[in-house]
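S.K.: Protein chains in written order, with our numbering: chain A, 1 to 596; chain B, 597 to 1058.
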Amino acid sequence: MEEKKSTHWLDALSDGSAGLTTISSCMSVCDLQCNNYYKLVTAEIPLKIPEKRPPRLRVYKGNQVINDQALPGIASSVQSLYIDENEPKMPIIAVSVGPSIFFYRNMKAYFKYTIPSLMIEPLEQEIWRKLVVERQVNYEKLINDLKTMNFSQMSSLSQKLISLSESEREEFIRENSEPKLTRLSTIVCMTTIYKNIEEEKEPNCLIIVTEASDIFIMDIQNFGILHTARVCSFKATPDLISASGSYQNDYKIIISTREGSICILRKNWLEGREIVKLERAATSMSLLQIDQTIVVLSKSLMCYSKKGKMLWSLNMNDTVMCMCPVPLPHLGVSMICVALKNGLVQLYSQKNLIDQFQVGDTVLAMYFGKLGLEEQVLVLVTINGNLLIKILKRTADFSNPMVTDKKVEDEPSDMKIAIPKKSKIFVEQTVREKENAIAIHNIFQSELWRMRLEAAKVTVDILRTGDSTFSGDLQTPIKLLAQCDGLGPDFLLTLTLENISATKIVTNLSIIIHANPNHYKVDKQSVDLTPLVPGIPLITDFNVSIQITSENLLPPDMTLENSIIRVLIVKEKFAKPLIASTVVMPQPELQMLGTI
Amino acid sequence: MMDPSYYKALSLFRLRKYEKCIEICNQLMNQSPQLQGPWELKMRAMTQRVYVDDIEAEDDGVVDDPLDTEILATAPKPGTSLRTATAVKTGQKTAATRPRTSTGRPLTGLARPGTMQQRAGTSLLTGNRTALATGRINTARNIRLGSASIFNLGDNTFNMSRLNPSIFATKPAVAKILFQYLYYCEGDIKKSLDLCNAVMELNKTEAGWYWYTQKGRCLIAVGNARSAEYFLQYSMKLLTHPDTILLLTRAYCRIDQPLAALEVCNFGLQKQPDDVALLKQQARILELIGNLPASVNVYKQIIKLDAMNTEALSCIAVNYFYIYQPEMALVYYRRILSMGMNTCELYCNIGLCCLYGGQLDLVFSCFQRALRLAISAEQKADVWYNISFIGLHIGDLDFARRCLRICISLDGGHASALNNLGIIALKKENLTKAKMYFALAKKLLPENDEIKHNSRLIDAKY
């Protein structure tokens, strides 16, 4: 990645002293005076708060400020839209500040719209009704009642009242003897869709999204609300919005929330539907107009279908700052421009890196589209207030991906999980499960208890008889292994005792061999063992021979079932053997009996 | 005229009432010891009574021949050797999840000798009972079956130690019967080999395919598979008898050439298409070299020809189980059950299929039946091991641990149970205990990947 300078862009203008700080949503480009000379309208976001001078709304022609006026507050979004089809088509600018939207025509403010108030709690209304008529002594009780309410669900008036000191309260209440209780949410983002015809300079509708998760679709002609909807069924705070379509025909609105959900709202829906849940909130999001996929920039660049299926994802080398779609219909490609914190600006077509260039400092806001008389211009605003304007060369060819050594991540759709086919039996069984869920559960639970009892019984049995190769005793954890060698009638029985505890030494152990003397002759009946050290197995050999009759036959009452030898491991002063195990002796090879 | 009692004996032989047949033959021979008919008949009856299909009952394992001086490539190409752990091809991910035997082969569906050595080492003492089969020669199984029965009868009519093979070699009709008697009933491989040699010496090249095949059989039995290959190949040139082919495949498996064995199988199948025995052998070899999908396909072919073939049914069922289709496995197991197989293992498998297939109400009744049918300690241990999975499934670790403890008490060599106990101990943050369990499991099954991984993990972590 040595190639940081791209040959596809012309550096048209660069103003290092523009002093403009803004974000992508507060940038809008429009043909402000209807002379086919597109201008940039931005609302300044002061980085130093509190800033002494109020935030500004500026119009740039190239890098020259041609209009600069004060805004009543920090804007959250700037949109340009067309009201009607009357010629000349003059766009109006909508700037959202707090709960209100200021509309500018010809850069003159001409309307202020405030979104409807949220519901006021009846309790609050009741308290205020009493406050106005009550005497000062009773204020305390009423205010305490007010404090029981959730602070965020109070009107601003009540919020202020609570924060006042006792002495100031009386005056405040007297001032507001006719309280107008309103609870206004803040507008977090706005976007536009077309009203009827999806063509440039056709009338628009404004989509307003508030922090309280309400979506309003507004007809600009009469400033009336056409449609109201909720972002999603659960509590979420919207953050970013992207939409396409026209109000009359069909439209989709994609909303990203601070909780990491991405929701979709279609025409006539009253509530959005969550389609994707991200690990962390999106930094930037866009519904691409061409292939109608949703591109999300979070920690990585991800692309989802409208159904919420991840199409691809791409890890980014650095912290991402912002993103904007770069549609190039004349080349038949649609790209995404991503700015990284290290000042690198990259262009991706799908998940292929196509082009990249380096900018002096971190890009904060981006816009791609018409500017001035040019069709394809990239506007970049950096964190230090630089305004950079780059024009795409008409000869630019983006058909070949850039060769980089960047490892392309595996597409998630390629990772096939081996899910077997749904067989007919599977479906039938599932139906049975669904229909008899309660009965199945009851049977399972009662049988489970029975099995637990069974297991407990067997365990007790094993503990009682010591019939195990393990000694369950915590003081003497030992393990016995036996091996029987030989073809018979003489066998070599090898017993291996192992201390399986980590630290403890087991002492005073003995082995007792218990066999039917009519069947087997054992060279030693018992052996006293040396202390058993952890990790070192102790091997003891026993010579066992079958008591053969004079005709070279097995003892008459010896069968397969009773050809066993019991091995007991006992510890001094313990009444019960630690291990009482049985070795099944193999049958001797009878030809051998004949020949020996 | 034929003696009516001899005729009766013949009839009894045909009716497979061998004991009675032998009785009458004894009477006849006591009357006139010179008669050849009853003598032959008795030999045949005794052979039939203890006859085991040694092709079925044989251990297919590769034998390390101490006399084998040829040096084998230490790293054979994957899929060409039975010595190496199975070649798992890419895209065959399901095979990797199938449990392996101690020799690293995928677990098969039916307990055949040599395939079910999941339990490490036969030399381990188990709680209640243990069959201590020590490292004897491979024919031990056949020998014991045959010899024990004679022994109990106390019948020493035929004194084979003084038998002169060259006399019998001249009588072709008797020679075959005698050979079978020697091989299957007496289990005297050396004598039967002598007889083969005598016949072949007498007739030179005209001895016929039968004797070449039998010589190969004897040579395999004594562990000389390389020489057996020559005789079996020769026999196959004379006649492609399925027995010869099966013996030849076994010889190839013994000398670790599964691909050659498969080739022989294919050749045999060209001559005798749809021969179930050959198909079965093919499927088994494919399974041994780890080509499970191909093996299952062959088993499915067998099912089409012989819908009652338990081995094929259970192998297909096991395959379905391990490709996450327990409901399909259940269908096959139920078919085996309806065929009258009423064993502990089958109920255990059905129980597991029900558990994984979500048919929870049937799980316990299956396992309870399996417990009731379990006789040996190993069987009981296996059932308890499988019951522990219910505990793991419902998150009742104490129940699972209890089941596993029972399993270990019954069978101290159950490495998987030890491994799972280790994991439960780790979950309960009992580190020293977990370490102990993993160490024990590793000692029992040092080649098992899971156990290796677990003990490595715990060593690295703590």
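Every residue, glycine too, gets a C-beta built ideally from N, C-alpha and C.
1. Quick check: A965 of chain B and Y943 of chain B, are their CB atoms within less than 8 angstroms of each other?
2. Quick one: does K571 of chain A have its CB under 8 angstroms from some CB of chain B?
3. Starting from the beta carbon of Q429 of chain A, find every residue of chain B whose beta carbon is closer than 9 angstroms, and list them in chain order.
4. Kindly indicate which residue of A:A339, A:R58, A:Q79 has the alpha-carbon position closest to the one of A70 of chain A.
5. Against V458 of chain A, what residues of chain B qualify as contacts under a CB-to-CB distance less than 7 angstroms, listed in chain order?
6. If you draw a straight line from the alpha carbon of T932 of chain B to that of A765 of chain B, how long is it in whole angstroms?
7. I'd like to know whether the C-beta atoms of P179 of chain A and V132 of chain A end up nearer to each other than 8 angstroms.
8. Hey, Q1056 of chain B and I1047 of chain B: beta-carbon distance below 8 angstroms or not?
9. So what does DSSP say about P327 of chain A, is it helix, strand or coil?
10. Quick check: the Cα distance between M625 of chain B and A605 of chain B, rounded to an integer number of angstroms?
11. I'd like the list of long-range same chain contacts for K616 of chain B, defined as Cβ closer than 6 angstroms, with 5 residues on each side in sequence excluded.
12. At a Cβ threshold of 8 angstroms, is T939 of chain B touching chain A?
13. Which same chain residues, not among the five before or five after R612 of chain B, have their C-beta less than 8 angstroms away from its C-beta?
14. Grab the span of the alpha helix (DSSP H) containing C189 of chain A for me, first residue to last.
15. Can you give me the C-alpha to C-alpha distance between I512 of chain A and I569 of chain A, rounded to a whole angstrom?
16. Check for me: the alpha helix (DSSP H) holding R169 of chain A runs from which residue to which?
17. Assuming Y251 of chain A is part of the beta strand (DSSP E), what are its boundary residues?
18. When the Cα atoms are used, what is the spatial distance from Y60 of chain A to L146 of chain A?
19. So, for S601 of chain B: in the same chain, excluding its five sequence neighbours on each side, which residues have a beta-carbon less than 8 angstroms away from its beta-carbon?
20. Quick test of your reading: F781 of chain B and C814 of chain B, contact by CB under 8 angstroms. State the CB separation rounded to the nearest angstrom.
21. What is the rounded straight-line gap between the Cα of L387 of chain A and the Cα of S96 of chain A?
22. From the DSSP output, in three-state form, read off Y37 of chain A for me.
23. Buried or exposed: W449 of chain A, going by 16 or more other Cβ atoms within 10 Å of its Cβ?
24. List the endpoints of the continuous alpha helix (DSSP H) containing W635 of chain B.
25. Got a sec? Which residues, its chain only, sit under 7 angstroms from A236 of chain A by beta carbon, not counting five neighbours each side?
26. Please look up how many angstroms separate the CB atoms of Q868 of chain B and P838 of chain B, rounded, as I've assumed it's under 8 angstroms.
27. Output the distance between the C-alpha atoms of A281 of chain A and E447 of chain A, rounded to the nearest integer angstrom.
28. Just the Cα atoms here: how many angstroms apart are L270 of chain A and I208 of chain A?
29. Between which two residues does the alpha helix (DSSP H) harbouring C337 of chain A extend?
30. My output table needs one value for M280 of chain A: the three-state DSSP class, helix, strand or coil.
31. Provide the residue span of the beta strand (DSSP E) that contains H1010 of chain B, from first to last.
32. Please report the straight-line C-alpha distance between A339 of chain A and V379 of chain A, rounded to a whole angstrom.
33. Can you tell me where the alpha helix (DSSP H) holding C861 of chain B begins and where it ends?
34. Given a cut-off of 8 angstroms on the beta-carbon distance, is the pair I83 of chain A and I74 of chain A in contact?
35. Using the Cα positions of K976 of chain B and R880 of chain B, report the straight-line distance between them to the nearest angstrom.
36. Label R53 of chain A either buried or exposed according to how many other C-beta atoms from any shown protein chain fall within 10 Å of its C-beta, with 16 as the threshold for buried.
M.R.: With the given structure in hand:
1. According to the sequence displayed, residue 965 of chain B carries Arg and not Ala. It is a contact, given that the beta carbons lie within the stated cut-off.
2. Output row for K571 of chain A: interface = no.
3. E923, L926, G953, G954, Q955
4. A:R58
5. I1002
6. For clarity, residue 932 of chain B is Ile in the given sequence; the question names Thr instead. Roughly 46 angstroms between the two C-alpha positions.
7. Cβ atoms of P179 of chain A and V132 of chain A: closer than 8 angstroms.
8. Before going further, note that residue 1056 of chain B is Ala rather than Gln in the sequence given. The answer is no: Cβ separation not under 8 angstroms.
9. strand
10. 12 angstroms
11. L608
12. no
13. Q644
14. Element bounds for C189 of chain A: not the alpha helix (DSSP H) but the beta strand (DSSP E), 187 to 194.
15. Each residue's alpha carbon lies about 6 angstroms from the other.
16. Segment 166 to 175, the alpha helix (DSSP H) holding R169 of chain A.
17. 251 to 257
18. 49 angstroms
19. Hits under 8 angstroms: I620, Q623, L624.
20. Residue 781 of chain B is actually Cys in this sequence, not Phe. Wrong, their Cβ atoms sit about 15 angstroms apart, outside the cutoff.
21. 23 angstroms
22. coil
23. exposed
24. 632 to 646 is the extent of the alpha helix (DSSP H) around W635 of chain B.
25. Leaving aside the five residues that flank A236 of chain A on each side, the residues in its chain whose CB is nearer than 7 angstroms to its CB run, in chain order, S213, T257, E259, S261.
26. 6 angstroms
27. 48 angstroms
28. Distance between the alpha carbons of L270 of chain A and I208 of chain A is about 15 angstroms.
29. Premise fails: C337 of chain A lies in the beta strand (DSSP E), 333 to 340, not in any alpha helix (DSSP H).
30. Reading the sequence as shown, one finds Arg at residue 280 of chain A and not Met. R280 of chain A: coil per DSSP, three-state reduction.
31. No beta strand (DSSP E) contains H1010 of chain B, which DSSP labels as neither H nor E.
32. 12 angstroms
33. Bounds of the alpha helix (DSSP H) holding C861 of chain B are 854 to 867.
34. no
35. 27 angstroms
36. exposed
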